[in-house]
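**Student:** The working numbering applies: residue 671 is where the sequence shown begins, and numbers increase by one.
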Amino acid sequence: MIIVNIIPLLFNMLLFLKYHKMLLCVSLLSWTCECSAMAVCGAGRRVYMKLFTGANYSSFSASNEMNLIKQLRERTSAPIKDVKAALVDSNWDIDAAQKELRKRGIVLASKKSSRTASEGLLALAQNDHKTALIELNCETDFVARNDIFQHLALSLANQALLLPNSSSFNFGPQSLEEMRLNLQHPKINGETTVQNAITEVAAIMGENVKLRRGYVMPAPSKGLVSTYLHTSPQPGLGRIAGILSLEVDGGKTQVDALQRVGSELAMHVVAAKPVFLTKELVSLDALENEREILKSQAESSGKSQMAIDKMVEGRLRKYFEDVVLMDQKFVMNDTMKVKAVLDNLSKEVGSSVRIVSFLRMEVGEGIARQETDASEAVAQAA
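(1) For threonine 801, which of Lys980, Asn761, Pro834 and Glu1032 has the nearest alpha-carbon?
(2) Between which residues of its own chain and glycine 1036 is the CB-CB distance below 6 Å, once the five residues before and five after are set aside?
(3) Quick check on this structure: which residue in Arg985, Ala1010 and Gly984 has the alpha carbon closest to the alpha carbon of methionine 996?
(4) Starting from threonine 948 and walking both ways along the alpha helix (DSSP H), at which residues does that stretch end?
(5) Measuring CB to CB, does arginine 985 end up less than 7 Å from leucine 964?
(6) Cα separation between valine 1033 and leucine 957?
(7) May I ask you to report which of helix, strand or coil DSSP gives aspartate 997?
(8) What does DSSP give as the partner residues of alanine 830 in its beta bridges?
(9) Work out the CA separation of leucine 791 and glutamate 809 for me, nearest whole Å.
(10) Rounded to whole angstroms, what is the Cα-Cα separation between alanine 793 and aspartate 955?
(11) What residue ranges within the region 789–844 form continuous beta strand (DSSP E) runs of no fewer than 3 residues, ordered along the chain?
(12) Can you give the Cα-Cα distance for valine 994 and serine 915, rounded to whole angstroms?
(13) Do three or more CB pairs link the region 819–830 to the region 891–906 at distances below 8 Å?
(14) Verify whether the separation of the beta carbon atoms of serine 760 and glutamate 770 is less than 7 Å.
(15) To the nearest angstrom, report how far apart methionine 1006 and glutamate 789 are at their CA atoms.
(16) Would you give the residue range spanned by the beta strand (DSSP E) that aspartate 759 belongs to?
(17) If you draw a straight line from the C-alpha of methionine 937 to the C-alpha of leucine 1029, how long is it?
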């Protein structure tokens, strides 16, 4: 009885195994056909490339394509997507693709020239006769950290040293645009005009890049120019700059002492943001405007006119301490004013030392305000 029951069970198991074996065979056959088709397609692609493009397809293997993309990316710093597209359009000729990228980039750079560029860096250069400072703008801090952008900024600062002038002066981009510039960077080199160099860097970076402004300060015959750069990614670059000229009356010039105190004073200019050198140099318009503001504030207190006049004069002294360099408290030692620092330096040197001029410059200052004004004007017009 037991044997009779086992026989149907064994028969069913054999049928089950036979069915699944057939399925396995069908799956293996289908996979083999797919592999054959892929091989035929691959062979067809190689034949097509050889017959219709005149190229040896073996040189366009995936690994070689990646190597070409990597090489062109290293040469140009262009986005990978653009690099691959240029190589495909140039039939994987890397030199032709590089030329194509430059053409595309210059066209895109011209289209982006109207976009706001409020980021960037200040670049500073000095020689025995003068100090030059320029502001090179871009759209993002990411581009400002790029070594190509930084190389261009330093090159422009050195170019500004060639401007002919014997006194301090501000200059705009037009002063440098047509000057010849020799760039010596692995990814961008050779001699060209300043304007063309800026356009080419803009094409590589994919952003609006522009030279906004510059300043040149000559070195005094007896003294030196001291500088300080804040947030400096490398020597000669920063986001905020302080520059001042120290002149010594007489023949004694202790360079070490002048350099030490001069550097501290340049740092003070960056931190304290002075506007005028002395009280006498405060413009009448600025003084009257401040006086009106202070008078209006004092009158709201409801006190007598005599008390109001005293309040205004007291607050004007505070105003001078805020905006006049010589009246400001020294940031390195707030128990003394800048004037006292110069007096102590004069005693150390043995001759009178004075500040001839100073400058504070910050990346993007004024640009955001201009954008706000423009948006307000549009809103009012609407």
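Glycine included, C-beta positions come from ideal geometry on N, C-alpha and C. No experiment lies behind these values; they were computed from the predicted model shown.
**Tutor:** Put simply:
(1) Taking the first residue of the sequence shown as 1, we reach residue 801 at position 131. Here the closest residue by C-alpha is Pro834.
(2) As a first step, residue 1036 must be located in the sequence shown, where it is residue number 366. Scanning its chain for C-beta atoms nearer than 6 Å, with the 5 sequence neighbours on each side dropped, one finds no residue around glycine 1036.
(3) Here residue 996 refers to the residue found at position 326 of the sequence shown. The residue with the shortest Cα to Cα distance from methionine 996 is Ala1010.
(4) In the sequence shown, the residue the question calls residue 948 occupies position 278. Element bounds for threonine 948: n/a, residue is neither H nor E.
(5) Position 315 of the sequence shown, counted from the first residue, corresponds to residue 985. Position 294 of the sequence shown, counted from the first residue, corresponds to residue 964. Pairing arginine 985 with leucine 964 gives a Cβ-Cβ distance under 7 Å.
(6) Taking the first residue of the sequence shown as position 1, residue 1033 is located at position 363. Taking the first residue of the sequence shown as position 1, residue 957 is located at position 287. So the two alpha carbons sit approximately 27 Å from each other.
(7) The residue labelled residue 997 in the question sits at position 327 within the sequence shown. The answer is helix: DSSP assigns aspartate 997 an H, G or I state.
(8) By 1-based counting over the sequence shown, the position of residue 830 is 160. Looking at the DSSP assignment, alanine 830 forms no beta bridge with any residue, so it has no partner.
(9) Residue numbering aside, residue 809 sits at position 139 when the sequence shown is read from its first letter. Residue numbering aside, residue 791 sits at position 121 when the sequence shown is read from its first letter. Each residue's alpha carbon lies about 11 Å from the other.
(10) Here residue 793 refers to the residue found at position 123 of the sequence shown. Here residue 955 refers to the residue found at position 285 of the sequence shown. Taking the straight line joining both Cα atoms gives about 32 Å.
(11) DSSP assignment within the region 789–844 yields the following whole beta strand (DSSP E) runs of 3 residues or more, N-terminal first: 789–796, 800–808 and 839–841.
(12) Within the sequence shown, the letter at position 324 stands for residue 994. Within the sequence shown, the letter at position 245 stands for residue 915. Inter-residue distance for valine 994 and serine 915 is about 16 Å (C-alpha atoms, whole angstroms).
(13) Here the region 819–830 lies against the region 891–906, with 3 or more beta-carbon pairs under 8 Å apart.
(14) Along the sequence shown, one-based indexing puts residue 760 at 90. Along the sequence shown, one-based indexing puts residue 770 at 100. Their beta carbons are under 7 Å apart, which means serine 760 touches glutamate 770 by this criterion.
(15) Looking up residue 1006 in the sequence shown gives position 336. Looking up residue 789 in the sequence shown gives position 119. Methionine 1006 and glutamate 789: Cα-Cα distance of roughly 36 Å.
(16) For the purposes of this step, residue 759 is identified with residue 89 of the sequence shown, where counting begins at 1. In the DSSP annotation of this structure, aspartate 759 is not part of any beta strand (DSSP E); the continuous alpha helix (DSSP H) holding it starts and ends at 750–759.
(17) Numbered from its first residue, the sequence shown carries residue 937 at position 267. Numbered from its first residue, the sequence shown carries residue 1029 at position 359. Looking at the backbone, the Cα of methionine 937 and that of leucine 1029 are separated by about 11 Å.
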